[in-house]
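Colleague: Sharing a structure below in structure tokens format, with a few things to ask.
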Amino acid sequence: MKSPTLFIFLFFLVSSSAHPTGKKQRSPCKNLVLFFHDVLYNGKNAANATAAIVGAPEGANRTILADHFRFGNVAVFDDPITLDNNFHSTPVGRAQGMYIYDTKNTLTAWLGFTFVLNSTQHQGTINFIGADPIVVKSRDISVVGGTGDFFMHRGIASIMTDSYEGDVYFRLRVDIKFYECWQ
Amino acid sequence: MKSPTLFIFLFFLVSSSAHPTGKKQRSPCKNLVLFFHDVLYNGKNAANATAAIVGAPEGANRTILADHFRFGNVAVFDDPITLDNNFHSTPVGRAQGMYIYDTKNTLTAWLGFTFVLNSTQHQGTINFIGADPIVVKSRDISVVGGTGDFFMHRGIASIMTDSYEGDVYFRLRVDIKFYECWQ
Amino acid sequence: MKSPTLFIFLFFLVSSSAHPTGKKQRSPCKNLVLFFHDVLYNGKNAANATAAIVGAPEGANRTILADHFRFGNVAVFDDPITLDNNFHSTPVGRAQGMYIYDTKNTLTAWLGFTFVLNSTQHQGTINFIGADPIVVKSRDISVVGGTGDFFMHRGIASIMTDSYEGDVYFRLRVDIKFYECWQ
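Chains as they are written, first to last, in our numbering: chain A, 737 to 919; chain B, 737 to 919; chain C, 737 to 919.
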């Protein structure tokens, strides 16, 4: 092997395997699509509710969503996660955390929650935070960490409102793309 | 080219482009300075308020900040973001999320929020969490993720209280340094 | 040095110092074990309390934890951090943030908090989020960022309930393993 050939080969090897500029490529190392189902307590559905209003602005109560696009409502949830969009499918885990309605003149929320997965396929947790402009078809939030099968993972989750029924039920489709995976 | 020269050159190339020890250098790959403006609802400013108290300890209400350094108050906000410190400048986005006053004997808050940027310069979101010891001049919180133009970014945000008026208004200067950028 | 030898050596050098597949190894670059102590306000312990209920479902108050496994209670805290399990040890910092009881049929919480460390050994903050299935002996949450001595760090924290007294006091042991350290 002559030197120039060796040099070119090695330069390619180094370039393709490291990130000299600190910038990294957008190619998912893992992908997961899941659904979760939120049934908000409204004073009448105690048996089925998976979420409850726990914070509200002055003058509002905690069984009826607040005026002005629910601005100021804080809800806590423990929602079933399913592999498809059927509320009655066997859950593969729970989505646990909170959402906060944070705008007066349109419907937006701030999300902080965790997927706690417990199935034959997946064991571990995935942690999310981000802004949810609900009226937009697909919204991106951050996957900021994970444990178990998702040890140290980071990525982006695209969420879509797959269905809703009045103020009581909504179903979200969550398309999780991990861009940072660890062994 | 002789072998020793080639070896030295290649060693340098490898050393400078990867992180053999798992430790990484502190050099920002992107920097952004923005301001946001919070007007807290106090029972009289419904038209202008961009934030509201939605949680409070027993005995406190939600139009007056709580005693003992506001301990226990939870506020939800949707605040305009501007490029300079002028409240009347055209917003380039919204800061959305919550702050929680969490100490009884000094003024500190816990922050969870998102910058939703929507301007000719920037499209995307930046997600923050961290402790805010308000009486300290400059406080560092974590940038834990981003979307759009800030896809997968991480960094540190240094926040300073740029101005405030009583209990109703404050303006924060946010100096965001990204240390992890993705293409 | 002959070419084949050089090639093999350089291939090893590149392979061991970069992550061609985007997958990274699980070896902690730093480890820290700390304890924190939470005294929840119950209407009688104002002088000692370090936490307070600030959100509750309809029908519940904020001095007594809610029925159904505290579902819907939001607590804000500023708890002392110690190096050992003694509540009276000199604190090395404060744990500040919130916990949210989010399940109706077992005891689980969602956590968002920060360790603010201020001692001769450590100066800086560590930011955590995650689900806490309290009845499980050891639970893993995400370390999503840090500042100061913990600049840009990420990792996993294993939390254990080290002690508790009724509804008023609990002590958590937090075993933090950082897998991403920065200089």
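The C-beta atom is built at its ideal place from N, Cα and C for all residues, glycine as well.
Source: prediction; values computed, not measured.
Tell me, to the nearest whole angstrom, how far the beta carbon of C:G866 is from that of C:F851; I am working on the premise that it is less than 8 Å.
Modeller: So it is not a contact: roughly 14 Å between Cβ atoms.
Colleague: According to DSSP, B:A829 sits in a beta bridge with which residue or residues?
Modeller: For clarity, residue 829 of chain B is Gly in the given sequence; the question names Ala instead. In the DSSP output, where bridge partners are listed per residue, B:G829 has B:I817 and B:L853.
Colleague: Three or more beta-carbon pairs under 8 Å between the segment 776 to 787 of chain A and the segment 899 to 908 of chain A, yes or no?
Modeller: yes
Colleague: May I have the straight-line CA-CA distance separating C:V899 from B:S825, to the nearest angstrom?
Modeller: Checking the displayed sequence, the identity of residue 899 of chain C turns out to be Ser instead of Val. Cα to Cα, C:S899 sits roughly 53 Å from B:S825.
Colleague: Are the C-beta of C:F748 and some C-beta of chain A separated by less than 8 Å?
Modeller: Residue placement at C:F748 is poorly supported in this model, since its pLDDT is 43, which falls under 50; the coordinates are not used for a value here.
Colleague: So which residues of chain B does C:R798 contact, with C-beta pairs closer than 7 Å?
Modeller: P793 and E794
Colleague: Using a Cβ cut-off of 8 Å, which residues of the segment 832 to 865 of chain B contact any Cβ in chain C, in chain order?
Modeller: I836, Y837, D838, T839, K840, T844, W846, G848 and I865
Colleague: Does the pairing of the segment 793 to 800 of chain A with the segment 833 to 852 of chain A give three or more beta-carbon distances under 8 Å?
Modeller: no
Colleague: What's the call for A:G902, buried or exposed, on a 16-neighbour Cβ count within 10 Å?
Modeller: exposed
Colleague: Just mark A:D803 as buried or exposed, buried being the case when its beta carbon has 16 or more other beta carbons within 10 Å.
Modeller: exposed
Colleague: Leaving out five residues on either side along the sequence, give the residues of the same chain with a beta carbon under 7 Å from the beta carbon of C:K913.
Modeller: Contacts found: P764, N767, G891 and I892.
Colleague: By the three-class DSSP mapping on this structure, what secondary structure does C:F864 have?
Modeller: Note: C:F864 maps to strand in three-state DSSP.
Colleague: Considering only C-alpha positions, which residue in the set B:F886, B:L853 and B:G884 is nearest to B:Q832?
Modeller: B:L853
Colleague: Please list, in chain order, all residues of the same chain as C:N821 whose beta carbon is under 8 Å from its beta carbon, the five residues on each side excluded.
Modeller: F771, D898, S899, R907 and R909
Colleague: Taking only the alpha-carbon atoms, compute the straight-line gap between C:V769 and C:S874 and give it to the nearest angstrom.
Modeller: C:V769 and C:S874: Cα-Cα distance of roughly 14 Å.
Colleague: How should B:R762 be labelled, buried or exposed, when 16 other C-beta atoms within 10 angstroms of its C-beta is the threshold for buried?
Modeller: It counts as exposed.
Colleague: I need the DSSP call for B:F887, collapsed to helix, strand or coil.
Modeller: coil
Colleague: Does any C-beta atom of chain B lie closer than 8 Å to the C-beta of A:A811?
Modeller: no
Colleague: Determine whether the beta carbon atoms of C:Y835 and C:G808 lie at a separation below 8 Å.
Modeller: no
Colleague: Could you name the residues of the segment 879 to 891 of chain B whose beta carbon sits closer than 9 Å to any beta carbon of chain C, in the order they occur along the chain?
Modeller: Within the segment 879 to 891 of chain B, the residues whose Cβ lies closer than 9 Å to some Cβ of chain C are V879, V880, G881, R890 and G891, listed in chain order.
Colleague: Kindly indicate which three-state DSSP category B:K898 falls into: helix, strand or coil?
Modeller: A quick correction: the sequence has Asp, not Lys, at residue 898 of chain B. In the structure shown, B:D898 sits in a strand (DSSP, three-state: E or B).
Colleague: In terms of residue numbering, what span does the beta strand (DSSP E) encompassing A:H773 cover?
Modeller: For A:H773, the enclosing beta strand (DSSP E) covers residues K766 to V775.
Colleague: From this set, C:V810, C:W918, C:N784 and C:H889, which residue's C-alpha is nearest C:T861's C-alpha?
Modeller: C:H889
Colleague: Starting from the beta carbon of B:D820, find every residue of chain A whose beta carbon is closer than 9 Å, and list them in chain order.
Modeller: Chain A residues near B:D820: none, gap ~23 Å exceeds 9 Å.
Colleague: Check the DSSP bridge columns for C:D911 and list the partner residues they point to.
Modeller: C:D911 is bridged to C:V769 and C:S894.
Colleague: Chain C beta carbons: is any one of them nearer than 8 Å to that of B:Y915?
Modeller: Flagged as an interface residue toward chain C: B:Y915, by a C-beta distance shorter than 8 Å.
Colleague: Please name the residue or residues paired with C:F807 in a DSSP beta bridge.
Modeller: Paired residues: none, contrary to the question.
Colleague: Provide the residue span of the beta strand (DSSP E) that contains C:A788, from first to last.
Modeller: For C:A788, the uninterrupted beta strand (DSSP E) segment begins and ends at A787 to G791.
Colleague: Is A:Q859 helix, strand or coil when you go by DSSP?
Modeller: strand
Colleague: Check the Cβ of A:R762 against every Cβ in chain B and list those closer than 9 Å, keeping chain order.
Modeller: Under the 9 Å cutoff, chain B gives F887, M888, W918 and Q919.
Colleague: The ligand MN and C:S899: does any heavy atom of the ligand fall closer than 7 Å to the residue's C-beta?
Modeller: The ligand MN is not part of the structure shown, which contains no ligands of any sort.
Colleague: Give me, in chain order, the residues of the same chain whose beta-carbon lies closer than 6 Å to that of B:G758; leave out the 5 immediate sequence neighbours on both sides.
Modeller: Residue confidence for B:G758 is low, a pLDDT of 49 falling below 50, so the modelled location carries little weight and cannot support an answer.
Colleague: Based on the DSSP secondary-structure assignment, which residues constitute the bridge partners of B:I836?
Modeller: B:V810 and B:W846, per the DSSP bridge assignment.
Colleague: Whose Cβ in chain C lies nearer than 7 Å to the Cβ of B:T867?
Modeller: The question names Thr, yet the displayed sequence has Ala at residue 867 of chain B. Correct list: Q832, T850, V852 and T861.
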